[in-house]
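Structure, as structure tokens:
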Amino acid sequence: MASIDALEKADLMGLLKQMLLYRRFEEKAGESYAIGKIGGFCHLHIGQEAVAAGCITPLRKDDYAIGTYREHTQALAKGVAPGAVMAELYGKASGASKGLGGSMHIFGADVGFMGGHGIVGGQLGLALGIAWGISYRGGDQVCVCFLGDAAVNQGAFHESMNMAAIWNLPVIYAVENNDYGMGTKFSRVSDTSMSQKSASHGVPARVVDGQNVISTYVDFSAIVEEVRQGAGPQFVDVQCYRFKGHSMSDPVSGTYRSKKEVEDKTENADPIRMLADQMIEARLISEEDLEAMDVEARDIVRKAEEFAEEAPEPDLKTLYDFVYSEITPNGRLFFDGRTI
Amino acid sequence: MAEITYRDALNQALAEEMERDDSVFLLGEEVAEYDGAYKVSRGLLERFGDKRVVDTPISELGFTGLGVGAAMVGLRPVVEFMTFNFSLLALDQVINSAAKMGSMSGGQITSPMVLRGPSGAALQLGAQHSQACEAWYLHTPGLKVVTPGTPADAKGLLKAAIRDNDPVVVMESEVLYNLKGEVPEGEDFLIPLGVADLKREGGDVSIITHGQMIHVAMKAAEELEKKGIEADVLDLRSLRPLDVEAILESVSKTNRAVCLEEGWSYGGVGSQVTSILMEEAFDDLDAPVLRVTQADVPMPYNKKLEAWSKPSVGRLVEACEKVCYV
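Line order of the protein sequences matches chains A and B. Residue numbering for the first sequence follows my numbering, beginning at 59 and increasing consecutively. Residue numbering for the second sequence follows my numbering, beginning at 196 and increasing consecutively.
Below is the structure:
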């Protein structure tokens, strides 16, 4: 496991700031959901901040990341503006996806964030194709594809892993292994361990401590570089823990895990507290510095919320705008008989 | 104009578009070394190499996802399904990813791609290999669907589909691959999506159809002519976008319509056309619109039962006579 000495102070500060932002952002999203500002499903990333920060920070702007429906913080990590993400959650026209996507479909094409995808395993094939596109054009970018632990039981996982291996594509499948697919513990739905899942495709599993952002960052920096040099697909078991329910409708511990388990993780494996403690112990920052950084994070979130609040609703006239990329001159494309 | 087969017309379309645009590539099962299960891609591997003509594992969901992902980053994949029966394994990627990408990303990311292969019944292939899949795809905003019924349309529509900036489903027909017809030469021969073709002009009844059924319709029209009934045969060619104007124009002249399709009746193409006629041509109609479709059953293997299940010249003639009250 990588120690604090592995990174420069500036990098550590950057990771800490990011994780604070993600935490405060998601807390605000939870609050806004509770008062009806955010609709639909809303899956918070609280507890897993080190995954977004550690896996995405090593990427270049022209690299790609693609995620699941638990992707608010990954969008932020790849460079989508906090205001655009919050406005998307609020369903506003200034949202990252113009209010058409919502919590599960945040996109940032200009920064290589290729979306949150709502069908478990759906993004795996897309990542394969993005990596194919990189390889086809002879580029040196990589694509990091996030998936939950439950997604490895989808056929899409094996189909994608197999093809990625055949064609040696630059894709990193990063399993956010929080041990629960919604409320189902991994061991209940798999007779083999996570580390065996990619083995039949000749891709060894690599294990990363996803609560420890230093480890995640150091390991991913190395993995990304290897893939950039042509190492081919990777399968990374990023072991982490979700502090909140599966979605906003699921209580924190739910019926499927004990309160004690959640409390134990929250108290002893908080990625932000762990990094802050290490940095304080190493005298890189003080508690006061940490407090100041937290105030800064809260301030960014407050501004994001204000932006979202003030942003306009989408105009009804835009309803059909992006269903097709262009309205062709011949024939009828829509059949609902509605006049716009 | 050269007379070539429907198969070769598709082959020409692929070759010309791959030559014109290096972002176009073909992938699917047996498309490369085997030259295509139905030989549509014959010679393309040799000409364009294995980076652009790609044999995939039998993983429809996976390689269709690859196609969508590649389209998201600017390539123009042509995904071949050995038959559209197998495309059902890939429906998640077609419906949930390709069709919705533009909308759910707020227009940031599109997926210009072609999903093509044979659809519909051939002969005695049984329930899982004999189904017309149009309705599965038509239902979904974000997709376009075309169904060429002649060699010229096969070439022109496939080329237009490859150049289109949205996902286009191109449904071919196994029983048409050997059909010969005149096909215009030249790279710029395109059939625009959304333009129907009036294959035959009559004044008494409109037969509205598409795909391989146009040939059934033409035979029925000959039979009807002998009985003194002149039929318009309208080949829709493109089902989404749909040439509604051409449908309305024909029916405003004939005042009667029969929809003919290879698929099932419930929720089919004819259901939609009938609905449009109710909404937009009610005053023109002199008789209820009828539909001739496959029987509402999984296709039986037995030859006699299969023939009975398929829409036929006889059934179509009967339906046309009925709307003409003879």
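Backbone N, C-alpha and C define an ideal beta-carbon position, used for all residues, glycine too. This one's a predicted model, so the numbers in the text were calculated from it and none came from an experiment.
Hey, would you say residue i sits closer than 8 Å to residue j, going by beta carbons?
i	j	result
A:L147	A:A222	no
B:A412	B:I402	yes
A:A145	A:F365	yes
A:Y275	A:G112	yes
B:K350	B:A204	yes
B:Y233	B:Y372	yes
A:S256	A:F293	yes
A:R331	A:D198	no
A:E217	B:L256	yes
B:D427	B:C519	no
B:D438	B:A391	yes
A:L74	A:M252	no
B:K394	B:I199	no
B:V446	B:E456	no
B:F258	B:G312	no
A:G187	B:A265	yes
B:G301	A:G159	yes
B:T335	B:I290	yes
B:S219	B:E212	Here the sequence assigns Val to residue 219 of chain B, which means Ser is not the residue at that position. Their beta carbons are under 8 Å apart, which means B:V219 touches B:E212 by this criterion.
A:V202	A:I230	yes
So residue i and residue j are in contact, right, with Cβ under 8 Å, and what is the actual spacing, rounded?
i	j	result
B:S314	B:S368	7 Å
A:E107	A:G174	That belief does not hold up - the Cβ atoms of A:E107 and A:G174 are roughly 16 Å apart, past 8 Å.
B:V226	B:D250	6 Å
B:L221	B:R247	7 Å
A:K156	A:P372	6 Å
B:V340	B:M308	Incorrect: roughly 13 Å between the Cβ atoms, too far for contact.
A:T131	A:F204	A:T131 to A:F204, Cβ: 11 Å. No contact.
B:A452	B:V484	5 Å
B:D361	B:T305	7 Å
A:L134	A:A355	Contact flag wrong, Cβ pair sits at about 11 Å.
A:Q269	A:C298	6 Å
A:Y80	A:M306	With a Cβ gap of about 17 Å, A:Y80 and A:M306 do not count as contacting.
Hey, how far is the Cα of residue i from the Cα of residue j?
i	j	result
A:V296	A:D207	9 Å
B:R435	B:G223	24 Å
B:L270	A:Y194	9 Å
A:L70	A:L102	24 Å
A:L117	B:Q288	27 Å
A:I62	A:V271	10 Å
B:S325	B:D383	34 Å
B:G509	A:T242	57 Å
B:R242	B:E329	32 Å
A:I281	B:T469	58 Å
B:Q323	B:Q407	19 Å
A:A369	A:E363	10 Å
B:D217	B:L209	12 Å
B:A441	B:V378	23 Å
A:C100	A:V178	15 Å
A:F392	B:L431	16 Å
A:S383	B:K295	11 Å
A:S245	A:Y238	9 Å
A:L374	B:E475	25 Å
A:V233	A:G312	22 Å
B:E380	A:V169	43 Å
Please compile the residues from chain B whose C-beta is within a distance smaller than 7 Å of the C-beta of residue i.
i	result
A:E384	N360
A:E217	S254, L256, G257
A:I188	G264, M267, V268
A:L184	G260, V263, G264, M267, S292
Residues of chain A with CB under 8 Å from residue i, in chain order?
i	result
B:T469	Residues of chain A passing the Cβ test: none, with the nearest at roughly 12 Å.
B:L388	T386, N388, G389
Interface residues of chain A around residue i at Cβ under 7 Å?
i	result
B:L437	G389, R390
B:S401	Neighbours of B:S401 on chain A: none; closest Cβ ~17 Å, over 7 Å.
B:N291	I177, G180
B:M299	S155, L158, G159, H163
B:V309	Within 7 Å Cβ-Cβ: nothing; B:V309 doesn't reach chain A, min ~14 Å.
B:E474	G395
Just to make sure I have the definition right: I need the residues of chain A whose C-beta is within less than 9 Å of the C-beta of residue i. Which are they?
i	result
B:Q303	A154, S155, K156, F165, G166, A167, D168, G173, F380
B:D287	I177, G179, G180, G183, A214
Residues of chain B with CB closer than 8 Å to the CB of residue i, please, in chain order.
i	result
A:M221	T251, P252, S254, G257, F258, L261
A:Y231	None at all; the shortest Cβ gap to chain B is about 13 Å.
A:G191	G264, A265, M267, V268, G269, L270
Going along the chain, which unbroken runs of the beta strand (DSSP E) with 3 or more residues stay wholly within the stretch 206-272 of chain B?
Runs found: 219-223, 248-250.
Please list the segments of the beta strand (DSSP E) lying wholly inside the stretch 268-306 of chain B, counting only runs of 3 or more residues, in order along the chain.
271-275
Unbroken stretches of the alpha helix (DSSP H), 4 residues or longer, contained in the stretch 346-410 of chain B
346-358
At what residue ranges does the stretch 60-97 of chain A contain a whole run of the alpha helix (DSSP H), taking only runs of 4 or more?
67-92
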